[in-house]
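Respectively, the protein sequence lines represent chains C and S.
Going letter by letter, the first sequence gives residues 30 to 227 in this note's numbering.
Going letter by letter, the second sequence gives residues 30 to 227 in this note's numbering.
Protein chains: 2
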Amino acid sequence: MKDLKSLTRLIDSFARLPSVGRKSAERMALAVLEMDEEDVKEFSSALEGVKTAIHLCPICGLYTEDEKCEICSDKERDEKTLIVVSSYRDVYAFEKLNTFRGRYHILGGVLSAVAGIGIEDLNIDSLLERIKDDNVQEIILATNPTIEGETTALFIAKLLEGKGVEITRLAYGLPMGGHVDYADSLTLNKALEGRRKL
Amino acid sequence: MKDLKSLTRLIDSFARLPSVGRKSAERMALAVLEMDEEDVKEFSSALEGVKTAIHLCPICGLYTEDEKCEICSDKERDEKTLIVVSSYRDVYAFEKLNTFRGRYHILGGVLSAVAGIGIEDLNIDSLLERIKDDNVQEIILATNPTIEGETTALFIAKLLEGKGVEITRLAYGLPMGGHVDYADSLTLNKALEGRRKL
Chain C
30 MKDLKSLTRL IDSFARLPSV GRKSAERMAL AVLEMDEEDV KEFSSALEGV KTAIHLCPIC
90 GLYTEDEKCE ICSDKERDEK TLIVVSSYRD VYAFEKLNTF RGRYHILGGV LSAVAGIGIE
150 DLNIDSLLER IKDDNVQEII LATNPTIEGE TTALFIAKLL EGKGVEITRL AYGLPMGGHV
210 DYADSLTLNK ALEGRRKL
Chain S
30 MKDLKSLTRL IDSFARLPSV GRKSAERMAL AVLEMDEEDV KEFSSALEGV KTAIHLCPIC
90 GLYTEDEKCE ICSDKERDEK TLIVVSSYRD VYAFEKLNTF RGRYHILGGV LSAVAGIGIE
150 DLNIDSLLER IKDDNVQEII LATNPTIEGE TTALFIAKLL EGKGVEITRL AYGLPMGGHV
210 DYADSLTLNK ALEGRRKL
């Protein structure tokens, strides 16, 4: 299919997706070639639709099609407790638990010297505003337990010092169902440090 | 992401691709959400481009962007020997061999009572025309060795009887590198029947 430029172009686009290799991209592009014209039109318009219809919630930074996201517009949810995460994916992880009834704040990344992400790239100004306006009482820092996630959590904790808001961090320790002898030493150390009375 | 209709729409489109499950389709759609707007535009236009720019070669039925496909327009290739295949994918399998210098004819399917594919759905009229116009001397029937593929090959062989063209069929037998004790009995029987003097 070397001579089919328009096919190569489509293969390139598919290959840009995560965990889609060249071979899979080729298979997908060929499948498009065999699809009904209507399905292809729908596909193409759905692609553009995602970009035009979806934007970030101005309050928490979650994706939404409305003025505010579903969580920020839900009056039942406690606006005094915020879980701060780096990505919207983390929000869905918490939402699956079905136990947290507060709200979220999405940073849109973590501080990273390597990736060149500084404070100004994160959604932090709006966090400060929310704390002031909504009289937030607890901020649960839920960035990943990685170097960048820790740095970001510590940075935010420092920033919020003296603002009269309680700052907590997710617990570290052994994952449930895990094995002590399989745990890496960093995790095991954290689990030991964080031990609790039974 | 239950409330994001435009995302669900895109997930549906991705899920229509072969070997893309719901989970992968979701991952892909989310990746699109995070892509640059330009990349998404390019993706969307590449999708439509494939449908508008690519059509079937009027001679052999292969996909092409030009008036005739690269093989039919290649004067170096022998027009007197045709490999008849069910799908364009088979053409690329043969082309990879780099040994066949004849041309192809793509049926666009095989006869199948189950799928409701009859003679009128296959690219057979144009095969008859080619045989007449190009003075074809050999037709190599290369449909798959399945019930449908065999039926189709036999049907075409019957149809071309007495038209002064030699009809051959790909050899059946053990795949190279295969093991006799792993071969299914149908294949082994064919290999036995088709044994040749050394």
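Backbone N, C-alpha and C fix where the C-beta goes; we use that ideal spot for every residue, glycine too.
Taking residue i as part of the alpha helix (DSSP H), name the residues at either end of that continuous run.
| i | result |
| --- | --- |
| S/L188 | 176 to 188 |
| S/I40 | 34 to 44 |
| S/A56 | Residue identity differs from the one stated: residue 56 of chain S is Arg in this sequence, not Ala. Looking at the DSSP string, the run of the alpha helix (DSSP H) that includes S/R56 is 51 to 63. |
| C/N192 | Strictly speaking, residue 192 of chain C in this sequence is Lys, with Asn absent from that position. That residue, C/K192, is in no alpha helix (DSSP H); it is neither H nor E in DSSP. |
| S/V69 | 66 to 82 |
Opposite residue i in the DSSP bridges: which residues?
| i | result |
| --- | --- |
| S/I88 | In DSSP, S/I88 forms no bridge with anything. |
| C/T216 | Paired residue(s): none; C/T216 is not in a bridge. |
| S/R198 | S/L170 |
Evaluate residue i with the Cβ neighbour count: other Cβ atoms within 10 Å of its Cβ, from every protein chain shown; 16 or more gives buried, anything less gives exposed.
| i | result |
| --- | --- |
| C/K80 | buried |
| S/V143 | exposed |
| S/M64 | buried |
| C/E105 | exposed |
| S/E71 | buried |
| S/L126 | exposed |
| C/Y133 | buried |
| S/Y117 | buried |
| S/Y211 | exposed |
| S/M205 | exposed |
| S/L221 | exposed |
| S/A58 | buried |
| S/L156 | buried |
| C/G178 | buried |
| S/T172 | buried |
| C/S53 | buried |
| C/Y27 | Examination of residue 27 of chain C is not possible in this model, given that chain C is present from 30 through 227 alone. |
| C/I135 | buried |
| C/I176 | exposed |
| S/V69 | buried |
| S/V209 | exposed |
### Runs of alpha helix (DSSP H) wholly within the region 91 to 172 of chain C (minimum 4 residues, chain order)
The qualifying runs are 117 to 126, 154 to 162.
#### Entry: Proximal residues, the region 65 to 86 of chain S versus chain C, C-beta separation under 9 Å
Against chain C - using a Cβ distance shorter than 9 Å - the residues of the region 65 to 86 of chain S are E66, D68, V69, K70, E71, F72, S73, S74, A75, L76, E77, G78, V79, K80, T81, A82, I83.
### Task
Below 9 Å between beta carbons is the criterion; list the residues of the region 38 to 58 of chain C that meet it against any residue of chain S, in chain order.
For the region 38 to 58 of chain C, the beta-carbon criterion of a distance under 9 Å to any beta-carbon of chain S is satisfied by R38, L39, I40, D41, S42, F43, R45, L46, P47, S48, V49, S53, R56, M57, A58.
### Query
Can you list, in chain order, the residues of the region 104 to 136 of chain S whose Cβ is nearer than 9 Å to any Cβ on chain C?
Those residues of the region 104 to 136 of chain S that come within reach of chain C (Cβ to Cβ, closer than 9 Å) are Y117, R118, Y121.
### Task
Compile a chain-ordered list of the residues in the region 142 to 173 of chain C whose CB is closer than 8 Å to at least one CB of chain S.
Hits within the stretch: zero.
### Contact residues within the region 86 to 98 of chain S, judged by C-beta distance below 9 Å to chain C
Answer set for the region 86 to 98 of chain S: Y92, T93, E94, D95, C98.
### Interface residues of the region 214 to 226 of chain S facing chain C [CB-CB below 7 Å]
Cβ contacts with chain C: none found.
#### Entry: Short-range partners of chain S found in the region 177 to 195 of chain C, where Cβ spacing is below 7 Å
Those residues of the region 177 to 195 of chain C that come within reach of chain S (Cβ to Cβ, closer than 7 Å) do not exist; the list is empty.
### Query
Taking Cβ-Cβ distances below 8 Å as the criterion, which residues of the region 195 to 207 of chain S are in contact with chain C?
Nothing from the region 195 to 207 of chain S brings a Cβ to less than 8 Å from some Cβ of chain C.
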